[in-house]
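Protein chains in written order, with this note's numbering: chain W, 1 to 429; chain S, 430 to 847.
Cβ atoms here follow ideal geometry from the backbone N, Cα and C, with glycine treated the same way.
Shown next, in structure tokens, is the structure this report addresses.
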Amino acid sequence: MTAVKSALSGITVLELCGERGHLMGKLMGDMGARIIKVEPTSGVAERLVGPYKDDDPHHDMSLYFWAHNTSKQSLSVDIESKEGKNILKDIASSADVLIEDFSPGYLPSLGLGFEMLSSLNPGLVMTSLTGFGQDGPYRDYKSSDIVSLAMGGIMHSCGYDDVPNTPPIRPSGDHGNKIASHYGLIGTLSALIHRDFTGKGQYIDASAHEACSSTTEAALPTYLYQEKVVFRQTGRHHGAVPTPKTLCKTSDNKYIIVFQLFNNLNSWLSLVKWMTAEGMAEDLGDERFKEMARHRTRTSEEADYAFEIVRKFVAAHTAEEIYRGAQALKFPWGTVRSPEENLEDPHFAIDRDMFPNIEHSEFGDGVTFRYAGTPYKFSSTPWSATRAPLLGEHTFSILSNDLGYSKAKIDTLLDRGTISVSKGFTCNS
Amino acid sequence: MKPTDLPPLNRQNALEGVRVIDFTWIVAGPQCTRILGDFGAEVIKIESESNMDYTRGIPPVMGADSPNKSGLFNTLNRNKRSLTLNVMHPRGMEMLKDLISVSDVIVENFSSRVLEKWGLGYEEQKKIRPDIVYCSMSGFGHSGRDRDHVTWGPTAQALSGLTFMSGLPGQESAGWGFSYMDHSGGFYGAIAIQMALLHRNRTGEGQHLDLSQVEAGIGMTGTAVLDYTVNGRAFRRDGMPPGNRSPDRAIAPHNSYRCKGDDRWCVISVTCEEEWQALIRAMNNPEWSTDSKFSDMLSRYKNQNELDKNIESWTTLRTPHEVLEIFQNAGVPAGAVQTPPDRADIDPQLKHRRFLPEIEHAELGTTRVESIPMKMSETPWKLKRPSPLFGEHSPEIYTELLGVEEEELGKFYEEGIA
Numbered sequence: 001m002t003a004v005k006s007a008l009s010g011i012t013v014l015e016l017c018g019e020r021g022h023l024m025g026k027l028m029g030d031m032g033a034r035i036i037k038v039e040p041t042s043g044v045a046e047r048l049v050g051p052y053k054d055d056d057p058h059h060d061m062s063l064y065f066w067a068h069n070t071s072k073q074s075l076s077v078d079i080e081s082k083e084g085k086n087i088l089k090d091i092a093s094s095a096d097v098l099i100e101d102f103s104p105g106y107l108p109s110l111g112l113g114f115e116m117l118s119s120l121n122p123g124l125v126m127t128s129l130t131g132f133g134q135d136g137p138y139r140d141y142k143s144s145d146i147v148s149l150a151m152g153g154i155m156h157s158c159g160y161d162d163v164p165n166t167p168p169i170r171p172s173g174d175h176g177n178k179i180a181s182h183y184g185l186i187g188t189l190s191a192l193i194h195r196d197f198t199g200k201g202q203y204i205d206a207s208a209h210e211a212c213s214s215t216t217e218a219a220l221p222t223y224l225y226q227e228k229v230v231f232r233q234t235g236r237h238h239g240a241v242p243t244p245k246t247l248c249k250t251s252d253n254k255y256i257i258v259f260q261l262f263n264n265l266n267s268w269l270s271l272v273k274w275m276t277a278e279g280m281a282e283d284l285g286d287e288r289f290k291e292m293a294r295h296r297t298r299t300s301e302e303a304d305y306a307f308e309i310v311r312k313f314v315a316a317h318t319a320e321e322i323y324r325g326a327q328a329l330k331f332p333w334g335t336v337r338s339p340e341e342n343l344e345d346p347h348f349a350i351d352r353d354m355f356p357n358i359e360h361s362e363f364g365d366g367v368t369f370r371y372a373g374t375p376y377k378f379s380s381t382p383w384s385a386t387r388a389p390l391l392g393e394h395t396f397s398i399l400s401n402d403l404g405y406s407k408a409k410i411d412t413l414l415d416r417g418t419i420s421v422s423k424g425f426t427c428n429s
Numbered sequence: 430m431k432p433t434d435l436p437p438l439n440r441q442n443a444l445e446g447v448r449v450i451d452f453t454w455i456v457a458g459p460q461c462t463r464i465l466g467d468f469g470a471e472v473i474k475i476e477s478e479s480n481m482d483y484t485r486g487i488p489p490v491m492g493a494d495s496p497n498k499s500g501l502f503n504t505l506n507r508n509k510r511s512l513t514l515n516v517m518h519p520r521g522m523e524m525l526k527d528l529i530s531v532s533d534v535i536v537e538n539f540s541s542r543v544l545e546k547w548g549l550g551y552e553e554q555k556k557i558r559p560d561i562v563y564c565s566m567s568g569f570g571h572s573g574r575d576r577d578h579v580t581w582g583p584t585a586q587a588l589s590g591l592t593f594m595s596g597l598p599g600q601e602s603a604g605w606g607f608s609y610m611d612h613s614g615g616f617y618g619a620i621a622i623q624m625a626l627l628h629r630n631r632t633g634e635g636q637h638l639d640l641s642q643v644e645a646g647i648g649m650t651g652t653a654v655l656d657y658t659v660n661g662r663a664f665r666r667d668g669m670p671p672g673n674r675s676p677d678r679a680i681a682p683h684n685s686y687r688c689k690g691d692d693r694w695c696v697i698s699v700t701c702e703e704e705w706q707a708l709i710r711a712m713n714n715p716e717w718s719t720d721s722k723f724s725d726m727l728s729r730y731k732n733q734n735e736l737d738k739n740i741e742s743w744t745t746l747r748t749p750h751e752v753l754e755i756f757q758n759a760g761v762p763a764g765a766v767q768t769p770p771d772r773a774d775i776d777p778q779l780k781h782r783r784f785l786p787e788i789e790h791a792e793l794g795t796t797r798v799e800s801i802p803m804k805m806s807e808t809p810w811k812l813k814r815p816s817p818l819f820g821e822h823s824p825e826i827y828t829e830l831l832g833v834e835e836e837e838l839g840k841f842y843e844e845g846i847a
């Protein structure tokens, strides 16, 4: 049997990342790169972010950490110590990529900036992913997920228009960090492609603020071209003018997104036929609505009127009935699902294997858990993930096998607290 | 020309020499190819009279007299060239096959059977160009029982769980105020294509990248999925979604706060004792802050309704940018909820980073477009051209790249091939 090929096999990445950047490492690791997560001897802060398995707040039990750190090795070392710095330099000398999300200036203050590391390894691609960038008046401002989403303009577009006195709502799920990571990775990969032809590494200075700022669809163009400011509308697109509400309640107390009612004449006629068969079409068969479908009417009083009738029809059915029925008529409507509800959807769960089992042998032989899986299917070099590393799980093997440190040297580092190893993994094992 | 044909010293762009056939439209696909174009790939955007990019008509449109006046289209399609080609005409199909033979990447975000119907599925593409990288960006992917379902950004956000995860507890979903999954779907397209190019550089092998917009969204719900598969805890439960608070980290204050002005807001996220001390110092040590209810992180977290009211009584007297400055100068993670005018005209950081560079557009005049959000020391992105006018580059692509004679080119227009 031939080994499974990986898109990024042979690429070694040092990851010195917390919440802003850890997704970059995961996405590269799941496609075959070797990711060495360099973390403090007590672990990165994300190991103590909930939820936890069995609600046990232990550094190896964070499900948030698990989700963002698959396919990595953990090397726990105090990079502020002299020996720790040497360890980092030694590994960086033969690595392909270093990704980090510390405050600007932190690594250079340890003598571990790009100039230093690049002098040891001219082919090194180094990506710094910060809140606001390496220069400029906000360089030293502190950031976080919600700060990125606020400053980048995303929150301004998200929230309610029909619930009084409510603030803009941050889309939850770490998306300020995720957008930053996606762009950091996009830049990193482009630099690796450049290196394939030139042998030269480079430095990438990416920021969450700019990344979020360029991820707001029509918000900036609407202002730049028309000097109009979009406002937030419940569960649907921001707009410079109000649009019909798209969230419709179903008989099983869920919601479904109902939109583009008049975007396609055939779909409209089929919908009216379906509603007529159930005696709920009222006067939607009238010619004036067909005209609207022919002209792709977006907003009008007539459209609002039709919407109300459709809304009553939706309310008399379950979300699944409307979702399946409308999709069969080519309406792009979708149920507002809770994430776990996709585990029951046969298309994703069975046909597309979107929730693969990943082994967790630390809880016993054969123990596995289902994860949200691959965001893309590569025909030749498939996605494949292993569980997140325990704290310090690979410290010993990396120092010993990659750097050739003697057992005595490793013991000394352990005694001094320069490195740590996961419980159950000692130098004698 | 393949990338390998270029002498290394002449390479100034990361994706120099990579030719991309771009069948994408609306937002998700163009977001993907915009990134490739920004890095120097040669992106050829293919449209036809009957299948024009829908975004050419999406607001803000500065005049209905032309397909070249949408501001959204301009920002999404800069650095691309436009080719009109009718694939339904046999000669058009021949031209497309010629183009495939000299290209590296094909990207499309049609529904899942369109290229197969044209007789141009991946297997056929490979016969023309064995190492082609083919990226399809459909809603549900190219396999499975629901592959024919159609999605727009909001559909993918709803089905994947992202819409549900955003909102105030006890209210319907606030969701996303734009097509986030069009942006993110585009990011995943650009990530996948570059990974495939790295693999091709090493092995000479191309492949099919089958992307699903919903699955890209599901991939971003990893923590919630694990909470269910490991702990049996559903996200659909009382008290969820969490609004602007932070239940998973159990930190407070972490919220949005009303500021001076009409519908103006700021955010604060305090993660540790040091930042808390800095916060109350910056507010001149208000009396309430000494209350034992706020003595440590856990008590602040438990009493955050009262905590938030106290903080808001301070922020309502100040503008979001005053709050930003006062707190950030004290070392507290805080931000203004910035409006589009804030970002375009006020934000000194975005100005310093040249976030909105200018470029001349033949019909829109001087325009400002969002930059790719990073600085690169060796291969900085370049804003080489504005979005293309419809069919602007057809003559040069047909004659220079595909070897069509001037005479035949005239016929292409007469017969509806170009």
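- Message: When you compare the CB positions of G614/S and H238/W, do they come within less than 7 Å of one another, or not?
- Response: Contact flag unset, no.
- Query: For R224/W, which residues in chain S fall below 7 Å Cβ to Cβ?
  - Reply: One detail in the question is off: residue 224/W reads as Leu in this sequence, not Arg. G500, A773, R797, listed in chain order.
- Query: What is the residue span of the alpha helix (DSSP H) that L271/W lies within?
  - Reply: Element bounds for L271/W: 265-277.
- Under 9 Å between beta-carbons, which chain A residues line up against D54/W? List them in chain order, please. Looking at the structure shown, chain A is missing, and the protein chains on hand are W and S.
- Task: Could you check the C-alpha separation between K431/S and L638/S for me, to the nearest Å?
- Result: No answer about K431/S holds up, because its pLDDT of 48 lies below 50 and its placement is not dependable.
- Message: I'd like to know if the stretch 541-556 of chain S and the stretch 458-466 of chain S are in contact, where contact means that at least 3 CB-CB pairs between them fall below 8 Å.
- Response: Flag = no, the stretch 541-556 of chain S and the stretch 458-466 of chain S do not touch.
- Query: Identify the residues that DSSP records as bridge partners of V314/W: which are they?
  - Reply: Partner(s): none; V314/W has no beta bridge.
- Three CB pairs or more closer than 8 Å across the stretch 35-50 of chain W and the stretch 625-639 of chain S: By the Cβ criterion, the stretch 35-50 of chain W is not in contact with the stretch 625-639 of chain S, since fewer than three pairs of Cβ atoms, one from each stretch, lie closer than 8 Å.
- In chain S, which residues lie less than 9 Å from N264/W when you measure between Cβ atoms? Result: empty, since nearest Cβ-Cβ is about 10 Å, beyond 9 Å.
- Query: If you compare alpha carbons, which of G392/W, A180/W, L343/W is closest to R370/W?
  - Reply: By alpha-carbon distance to R370/W, the top candidate from G392/W, A180/W, L343/W is L343/W.
- Query: Can D656/S and L63/W be called in contact, C-beta distance under 7 Å?
  - Reply: Against a cut-off of 7 Å, the Cβ pair of L63/W and D656/S comes out as a contact.
- If you count every other CB in all the chains shown that lies within 10 Å of the CB of V147/W, and 16 or more means buried, which is it? Classification of V147/W: buried, given that the 10 Å Cβ count is 16 or more.
- Determine the extent of the alpha helix (DSSP H) in which F378/W is found, giving its start and end residues. F378/W -> not in any alpha helix (DSSP H); beta strand (DSSP E) instead, spanning 376-378.
- Task: Mind listing, in chain order, the continuous beta strand (DSSP E) runs of no fewer than 3 residues lying wholly within the stretch 507-584 of chain S?
- Result: The qualifying runs are 509-513, 534-537, 562-567.
- Query: Skipping 5 residues on each side, what residues in its chain have a beta carbon closer than 6 Å to that of S532/S?
  - Reply: Closer than 6 Å at the Cβ level, and outside the excluded window around S532/S, lie R448, I450.
- Between the beta-carbon of Y223/W and the beta-carbon of P770/S, is there less than 7 Å? Contact: yes.
- Pairing CB atoms from the stretch 95-111 of chain W with CB atoms from the stretch 169-176 of chain W, are three or more of them under 8 Å? Counting Cβ pairs under 8 Å, fewer than three are found: no touch.
- Closer than 6 Å: is that where the CB of I529/S sits relative to any heavy atom of the ligand NAP? As for the ligand NAP, it is missing from this structure, which has no ligand bound.
- Listed by chain order, chain S residues near Y405/W by CB distance under 8 Å: Under the 8 Å cutoff, chain S gives no residues; its nearest Cβ is about 31 Å from Y405/W.
- Return yes when the Cβ of H628/S is within less than 7 Å of the Cβ of A7/W, no when it is not. Closer than 7 Å, so yes.
- Tell me whether the beta-carbon of P682/S lies closer than 7 Å to the beta-carbon of G596/S. Not in contact: P682/S and G596/S (Cβ atoms no closer than 7 Å).
- Alpha-carbon to alpha-carbon, A306/W and L284/W: Answer to the nearest angstrom: the Cα atoms are 7 Å apart.
- Where does A707/S sit, in a helix, a strand or coil, going by DSSP? Of the three classes helix, strand and coil, the one that applies to A707/S here is helix, per DSSP.
- Item | Residues near Y730/S in its chain [Cβ-Cβ closer than 7 Å; skip 5 each side] | Result list for Y730/S: A679, I680, A681, in chain order.
- Identify which residue in D365/W, A95/W, S361/W, E341/W has its Cα closest to the Cα of K254/W. Looking at the Cα atoms, E341/W is the closest of the given residues.
- Query: Along chain W, in chain order, which residues have C-beta atoms closer than 7 Å to that of M805/S?
  - Reply: Listed by position along chain W, the residues whose Cβ is nearer than 7 Å to that of M805/S are G187, A191, Q202, I204.
- Taking Cβ-Cβ distances below 8 Å as the criterion, which residues of the stretch 56-81 of chain W are in contact with chain S? Under the 8 Å Cβ criterion, the stretch 56-81 of chain W contributes L63, Y64, W66, A67, H68.
- Proximal residues to T426/W (C-beta, below 7 Å), its chain only, five neighbours per side dropped: Reliability of the predicted coordinates at T426/W is poor, the pLDDT of 38 falling under 50, and the value obtained from them is presented with this limitation in mind. Only residues of its own chain outside the window of five on either side were considered, and among them none has a CB closer than 7 Å to the CB of T426/W.
- Item | Same chain only: Cβ atoms within 7 Å of A619/S, ignoring 5 sequence neighbours per side | Answer for A619/S: C461, I464, L465, listed in chain order.
- What residue range is occupied by the uninterrupted alpha helix (DSSP H) comprising M669/S? Neither: M669/S is in no alpha helix (DSSP H) and is coded neither H nor E.
- Task: Leaving aside the five residues before and after S477/S along the sequence, list all residues of the same chain whose C-beta is less than 7 Å from its C-beta, in chain order.
- Result: Its chain contains T513, L514, N515 as the residues whose beta carbon lies nearer than 7 Å to that of S477/S, once the 5 sequence neighbours on both sides are disregarded; these appear in chain order.
- Message: Can you tell me where the beta strand (DSSP E) holding R687/S begins and where it ends?
- Response: Per DSSP, the continuous beta strand (DSSP E) segment holding R687/S begins and ends at 683-687.
- Of the residues that make up the stretch 329-350 of chain W, which ones have a beta carbon closer than 9 Å to any beta carbon in chain S? Correct list: K330, F331, P332, W333, G334, T335, V336, R337, S338, P339, E340, E341, N342, L343, D345, P346, H347, F348, I350.
- Same chain, Cβ closer than 8 Å to T85/W, five either side skipped, listed in chain order: It should be noted that the sequence gives Lys, not Thr, for residue 85/W. Sequence-distant partners of K85/W (beyond 5 residues in either direction) whose C-beta falls short of 8 Å from its own C-beta, in its chain, are I79, L110, G111, L112.
- Separation of T41/W from I11/W, as counted between CA atoms: Rounded to whole angstroms, I11/W to T41/W spans 25 Å at the Cα level.
- Task: Find the residues of chain W that neighbour W605/S, judging by a C-beta separation of less than 7 Å, and give them in chain order.
- Result: The CB of W605/S comes closer than 7 Å to the CB of C158, P171 in chain W, given here in chain order.
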